[in-house]
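One structure below.
Take a look at the structure:
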């Protein structure tokens, strides 16, 4: 009985995800299993698990920008609040400045050359975030 209660509590407050792909290398690699927490407000720089409805899949990405930040893509480069931060996704056309409203996040993979992230699928809402990654289990 105690084991069932402990499992129920664990599943309420935590989650486990499997890393598929190379987009978060070198931090996480294909096949890694990660632990995430389901409470708290994600902040810039944190790695989160999120569901991307258009792709019908869960992703593990880092929050590059949040409420109040400005994102611009110009000549193959991504700018965060006027400073060059990352490469634009391959073939991505220039886009005017995006001002992130409350509860919106711009996600990016650490391995930008192969990552499918907000440079392609756009910003996500807070409700799409499953949790904040705590650590790699395996």
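In the numbering used here, the protein residues as written are 279 to 416. Just so you know, even glycine gets a beta-carbon here, dropped at the ideal spot from N, CA and C.
Suppose you measure from the CA of residue i to the CA of residue j; what does that come to, to the nearest Å?
i, j, result
"residue 280", "residue 294", "21 Å"
"residue 381", "residue 321", "11 Å"
"residue 310", "residue 416", "6 Å"
"residue 314", "residue 325", "9 Å"
"residue 307", "residue 340", "14 Å"
"residue 400", "residue 384", "7 Å"
"residue 406", "residue 363", "24 Å"
"residue 355", "residue 329", "26 Å"
"residue 358", "residue 312", "28 Å"
"residue 369", "residue 282", "50 Å"
"residue 350", "residue 398", "13 Å"
"residue 366", "residue 375", "13 Å"
"residue 388", "residue 287", "32 Å"
"residue 403", "residue 372", "23 Å"
"residue 292", "residue 386", "23 Å"
"residue 285", "residue 414", "19 Å"
"residue 323", "residue 352", "23 Å"
"residue 297", "residue 377", "30 Å"
"residue 338", "residue 379", "22 Å"
Just confirm the distance between the C-beta atoms of residue i and residue j, as a whole number of angstroms; I'd bet it's less than 8 Å.
i, j, result
"residue 410", "residue 318", "6 Å"
"residue 408", "residue 289", "Residue 408 to residue 289, Cβ: 12 Å. No contact."
Should residue i be labelled buried (16 or more other beta-carbon atoms within 10 Å of its own) or exposed?
i, result
"residue 360", "exposed"
"residue 342", "buried"
"residue 327", "buried"
Would you call the segment 345 to 354 and the segment 324 to 335 touching, i.e. three or more CB-CB distances under 8 Å?
With a cut-off of 8 Å, the segment 324 to 335 and the segment 345 to 354 do not count as touching, because too few Cβ pairs lie within range.
Determine contact between the segment 391 to 398 and the segment 296 to 311, defined as no fewer than three beta-carbon pairs at a distance below 8 Å.
With a cut-off of 8 Å, the segment 296 to 311 and the segment 391 to 398 count as touching, because enough Cβ pairs lie within range.
Could you give the uninterrupted runs of the beta strand (DSSP E) lying entirely in the segment 313 to 365, keeping only those of 3 residues or more?
With a minimum length of 3 residues, the continuous beta strand (DSSP E) runs that stay inside the segment 313 to 365 are 325 to 330, 335 to 343, 348 to 352, 355 to 358 and 361 to 365.
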